[in-house]
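Enquirer: Quick one: structure below, then a few questions.
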Amino acid sequence: MKHTVYGITLAAIAMLVIAALLGVSGNSVRDNEIETALNTAIEQALGQLKEKKGYEEGNRQELIADFNQLFLLQVGSDSDVQVEILTANAEKGVLDVRVTETYQNILGQERKTVCRKSVVLEEYAEKKGYHTVTFLADGKVYEQYSLYEGGKASAPKAPEISGKSFRYWAKKGEHQACDIERLQVEGDLTLEAVFQ
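In this text, residue positions in the sequence shown follow the working numbering: the first is 2, and each later residue adds one.
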């Protein structure tokens, strides 16, 4: 009889240990599943954004729809999943998502796992090159700086040369005034000071 009680006690302890291990293992599996699904879905959604070269201007709903579809394809467990889109900016290639998964463990207890991922797509658009803007006064470099392609140039302080009065800046080789404040830099640019 004594051995039977020991046997039943050991079996009960073994069952509790196994249940605890399965519970911990189950929690770990759920955490890994939701994290992997979130990582994969965000990276694929932003990858599609890059391939499509963006969506219609200001349409973040397409990015959100793509993410949701890809995320749901990744999740295979029977749980309640709440997806919160904290930031979705298709123009800048930014997606910030928090996912909360609610499930029951092996002992029937309700558990939650929360995972958040923020991704900024660095290579969303082809990198624009720098261009040099050079201002010449009396044939010499007066000022020089670099701008990204498409950037707006700004005029330096008017140069002063004794006996001459500054009139305007003109593109090199041209003799008409250039409105520098409205000029977008698409390549290296040289402007010359025109004096009177």
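Ideal placement from N, C-alpha and C gives every residue a C-beta, glycine not left out.
Entirely within the stretch 48-103 and at least 4 residues each: give me those alpha helix (DSSP H) ranges in chain order.
Expert: Here the runs fully enclosed are 61-75.
Enquirer: Bridge partners of residue 147, per DSSP?
Expert: For the purposes of this step, residue 147 is taken as the residue at position 146 of the sequence shown. Beta-bridge pairing links residue 147 to 133.
Enquirer: Between the C-alpha atoms of residue 35 and residue 91, what's the straight-line distance to the nearest angstrom?
Expert: The sequence position of residue 35 within the sequence shown is 34, counting from 1. The sequence position of residue 91 within the sequence shown is 90, counting from 1. Cα-Cα distance, rounded: 24 Å.
Enquirer: Roughly how many angstroms lie between the CA atoms of residue 164 and residue 158, to the nearest whole one?
Expert: Reading the sequence shown from its first residue, position 163 is the one you call residue 164. Reading the sequence shown from its first residue, position 157 is the one you call residue 158. Cα-Cα distance, rounded: 18 Å.
Enquirer: Rounding to the nearest angstrom, what Cα-Cα distance links residue 168 and residue 150 in this structure?
Expert: If you number the sequence shown from 1, residue 168 lands on position 167. If you number the sequence shown from 1, residue 150 lands on position 149. Using only the alpha carbons, I get a separation of about 28 Å.
Enquirer: Identify every residue that forms a DSSP beta bridge with residue 43.
Expert: Start at 1 with the first residue of the sequence shown, and residue 43 comes out as number 42. In DSSP, residue 43 forms no bridge with anything.
Enquirer: Going by the CB atoms, is the gap between residue 115 and residue 96 shorter than 8 Å?
Expert: If you number the sequence shown from 1, residue 96 lands on position 95. If you number the sequence shown from 1, residue 115 lands on position 114. Cβ distance not < 8 Å, so residue 96 and residue 115 don't count as in contact.
Enquirer: Contact defined as beta carbons within less than 8 Å: I believe residue 99 pairs with residue 106. What is the distance between those atoms, to the nearest angstrom?
Expert: In the sequence shown, residue 99 corresponds to position 98, counting from 1. In the sequence shown, residue 106 corresponds to position 105, counting from 1. That pair is no contact at about 22 Å.
Enquirer: Out of 110, 73, 79, 47, which has the shortest C-alpha to C-alpha gap to residue 88?
Expert: Working through the sequence shown from its first residue, we reach residue 88 at position 87. Nearest C-alpha to residue 88: 47.
Enquirer: Are there 16 or more other CB atoms within 10 angstroms of the CB of residue 18, so buried, or fewer, so exposed?
Expert: Taking the sequence shown and counting its residues from 1, the one referred to as residue 18 is at position 17. Per the 10 Å Cβ criterion, exposed.
Enquirer: For the structure I just gave you, are there three or more beta carbon pairs, one from the stretch 184-197 and one from the stretch 128-139, closer than 8 Å?
Expert: Short answer: they touch.
Enquirer: Which class does residue 29 belong to by DSSP, given the choice of helix, strand or coil?
Expert: On the sequence shown, residue 29 is found 28 positions in, with the first residue counted as 1. In this structure, residue 29 counts as helix in the three-state DSSP scheme.
Enquirer: Which partner residues of residue 153 appear in the DSSP bridge assignment?
Expert: Residue mapping note: residue 153 aligns to position 152 of the sequence shown, counting from 1. Answer is 185.
Enquirer: Counting along the chain, where does the beta strand (DSSP E) carrying residue 194 start and finish?
Expert: Working through the sequence shown from its first residue, we reach residue 194 at position 193. Unbroken beta strand (DSSP E) run through residue 194: 190-196.
Enquirer: Provide the residue(s) that pair with residue 165 in DSSP beta bridges, ordered along the chain.
Expert: For the purposes of this step, residue 165 is identified with residue 164 of the sequence shown, where counting begins at 1. Residue 165 pairs with 162.
Enquirer: Got a sec? Which residues, its chain only, sit under 6 Å from residue 182 by beta carbon, not counting five neighbours each side?
Expert: Translated into positions along the sequence shown, residue 182 becomes position 181. Hits under 6 Å: none found.
Enquirer: Relative to the C-alpha of residue 147, which residue among 189, 73, 108 is closest?
Expert: Along the sequence shown, one-based indexing puts residue 147 at 146. Residue 147 has its Cα closest to that of 189, out of 189, 73, 108.
Enquirer: With distances taken from CA atoms, which of 30, 132, 178, 86 is nearest residue 76?
Expert: Numbered from its first residue, the sequence shown carries residue 76 at position 75. Comparing Cα-Cα distances from residue 76 to each of 30, 132, 178, 86, the minimum goes to 30.
Enquirer: What's the call for residue 102, buried or exposed, on a 16-neighbour Cβ count within 10 Å?
Expert: Reading the sequence shown from its first residue, position 101 is the one you call residue 102. It is buried - the Cβ of residue 102 has at least 16 other Cβ atoms within 10 Å.
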